[in-house]
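S.K.:
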Amino acid sequence: MPTMLEVRELAHRYGTGPGAHVAVEDLTFTVHQDELACIVGPSGCGKSTLLRCIAGLIRPTEGEISLHGDVVRGVPDDLAVVFQDYSRSLFPWLSVRGNVEFALRTRVRGRTERRRRAQEALSWVGLEASASKYPWQLSGGMQQRVSIARALACQPALLLMDEPFASVDAQTRADLEDLLLRVRREHGSTVLLVTHDIDESVYLGDRVLVLSKSPASIVADLPVDLPAQRDQITTRSSPEFVKLRTEIARLLHDRAPAVGEPEPSSAAEKFLAAERAEKEQQSTRSGQ
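Set out below in structure tokens:
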């Protein structure tokens, strides 16, 4: 499979001298065409910094990034980003369709073609009937669907997603995860998704890159050996899912024994329990 993204010996520091903060250090990996790769790591480990370097929003201190063979020296034309905070990424004075069309203004000539592309992308995410509404008239989950539609309308070679479902409640998150899998299956996309949610990385990914604490370095590059057709109940309860989830928890916690022992490690279980508690708190806050 052709290589879509190549990151070589990437490092980034904020500041200079003894007080400089090293966010990422010596990162090397590739993402292949039509692959969905997930990056998971502890909060504050440098995941978002890595994504911003790949997007060309900041220049790395060291190393090189290539998108389908071309070195990234600015924001690539054929790359799109979906951020976590949908409420700040949409223009409240533009309609849903207008927000999607806005992303096409420098990419697509002709208003008719921009309108067609926007309407098509909205149909992919189930919002064709809401095209004339404004973001403030939509729920949080629907607003994030607009953000996804806007990115897909650009037909990017690479779609970057920075914790895109972290700000919605648990049920909406599950719906958006399934939406991403369906759209990717039906229309094809190369996706690099950053998350701190272990379960999400296993459920969505073809591969999971596990990062260390800051400064971020790659601890493991794990293939996800699950069927392409996935669902929230069957997939998440399968032995393969549970085994890989526990392995990633062990790697992040760095104190549990290897996978394959008779009982899961208490350290890994504590890590997973803490993660579940954090999800419940997020869900409670989102529902208020």
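One rule links them: number in the working numbering = place in the sequence shown (from 1) + 7. Idealized CB from N, CA, C, for every residue including glycine.
Determine the direct distance from the alpha carbon of Ala223 to that of Val29, and round the result to whole angstroms.
M.R.: Straight-line Cα distance between these residues: approximately 8 Å.
S.K.: Determine the closest residue to Ser94 out of Asp84, Asn106, Leu86 and Asp85, with distance taken between C-alpha atoms.
M.R.: Selected option, being the one with the closest Cα: Asn106.
S.K.: According to DSSP, is Phe36 part of a helix, a strand, or is it coil?
M.R.: The answer is strand: DSSP assigns Phe36 an E or B state.
S.K.: Measuring only from the beta carbon, is Asp213 closer than 8 Å to any heavy atom that is part of the ligand ATP?
M.R.: Questions concerning the ligand ATP fall outside what the structure shown contains, since it holds no ligand whatsoever.
S.K.: In this structure, how does DSSP classify Met4 when only helix, strand and coil are distinguished?
M.R.: Coverage of the chain is limited to positions 8 through 295, which leaves residue 4 absent and any answer about it impossible.
S.K.: Could you please give the first and the last residue of the uninterrupted alpha helix (DSSP H) stretch that includes Cys60?
M.R.: First-last of the alpha helix (DSSP H) with Cys60: Lys54 to Ile61.
S.K.: In the DSSP output, which residue or residues are listed as bridge partners for Ala177?
M.R.: BP columns for Ala177 are empty, so no partner.
S.K.: How many Å lie between Ala158 and Met168 at the Cα?
M.R.: Using only the alpha carbons, I get a separation of about 10 Å.
S.K.: From this set, Arg66, Gln40, Gly53 and Ser96, which residue's C-alpha is nearest Gly76's C-alpha?
M.R.: Gly76 has its Cα closest to that of Gln40, out of Arg66, Gln40, Gly53 and Ser96.
S.K.: According to DSSP, what are the bridge partners of Arg20?
M.R.: Answer is Val29.
S.K.: Taking 7 Å as the limit between beta carbons, can you name the residues of its chain near Pro9, skipping five residues before and five after?
M.R.: The answer, listed in chain order, is His39 and Gln40.
S.K.: Which residue from Cys161, Val14, Ala177 and Val209 puts its Cα closest to that of Gln126?
M.R.: Cα-wise, what sits closest to Gln126 is Cys161.
S.K.: What are the boundary residues of the beta strand (DSSP E) that includes Glu42?
M.R.: Neither: Glu42 is in no beta strand (DSSP E) and is coded neither H nor E.
S.K.: List the whole-angstrom C-beta distance separating Leu129 from Ile72, where the pair is believed to meet the contact cut-off of C-beta under 8 Å.
M.R.: Going by Cβ atoms, the distance from Leu129 to Ile72 rounds to 31 Å, so no, they are not a contact pair.
S.K.: Less than 8 Å between the CB atoms is what I'm expecting for Ser208 and Val47, so what's the real figure, rounded?
M.R.: The Cβ separation is near 4 Å, so the contact holds.
S.K.: Could I get the ranges of all uninterrupted alpha helix (DSSP H) runs contained in the segment 130-195, with 4 residues as the minimum, in chain order?
M.R.: Runs found: 147-160 and 177-194.
S.K.: Would a C-beta distance cut-off of 9 Å place Asp185 and Asp238 closer than the cut-off?
M.R.: It is a contact, given that the beta carbons lie within the stated cut-off.
S.K.: By DSSP, does Gly105 sit in helix, in strand, or in coil?
M.R.: It is helical.
S.K.: Since Leu218 is in the beta strand (DSSP E), which residue starts that stretch and which ends it?
M.R.: From DSSP, the beta strand (DSSP E) with Leu218 extends over Arg214 to Leu218.
S.K.: Helix or strand or just coil, what does DSSP make of Arg80?
M.R.: Of the three classes helix, strand and coil, the one that applies to Arg80 here is coil, per DSSP.
S.K.: Can you look up Thr202 in the DSSP assignment and give me helix, strand or coil?
M.R.: Strand, per DSSP.
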